[in-house]
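Peer 1:
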Amino acid sequence: MSKIDKAKEYINMLKVYMGILIALLISDISGTVKLFQNDDRGTAFWFGVGSIILLSLAFVKLAKYAHKKIDELEEL
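Taking my numbering, the leading residue of the sequence shown gets 326, the next gets one more, and so forth.
See below:
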């Protein structure tokens with residue numbers, strides 16, 4: 326497998342991971358909103374808020390890394 330093919334495959338895997346993060350983020354947001362609407366602001370609600378923040382940060386970091394790898398493809 327050539328270097329460029331390997332780099333493209335790696336970037337495709339990053340896209341899959343980003344899709345998984347988006348799916349987790351959407352489901353976490355919907356669950357947290359449901360808790361908020363039911364006036365249930367207990368431990369589960371705050372855990373949901375924290376995980377939304379963490380998942381969002383992970384997505385941003387992964388997106389920046391993917392863009393960096395895409396820019397490196399020009400060098401190959």
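All C-beta atoms in this analysis are idealised placements derived from N, C-alpha and C, irrespective of residue type, glycine included. Quantities reported herein were computed from a predicted structural model and do not represent experimental measurements.
Please confirm whether L380 and Y342 have their CB atoms less than 9 Å apart.
Peer 2: No, they are not a contact pair.
Peer 1: M343 lies in the alpha helix (DSSP H); which residues open and close that run?
Peer 2: Counting along the chain, the alpha helix (DSSP H) containing M343 begins and ends at K328 to Q362.
Peer 1: By the three-class DSSP mapping on this structure, what secondary structure does D365 have?
Peer 2: Residue state, collapsed to three classes: coil.
Peer 1: Would you mind stating whether L346 and I377 have Cβ atoms separated by less than 9 Å?
Peer 2: No, the Cβ-Cβ distance between L346 and I377 is not below 9 Å.
Peer 1: What's the gap between the Cα of F370 and the Cα of N363?
Peer 2: Roughly 11 Å separates the two Cα atoms.
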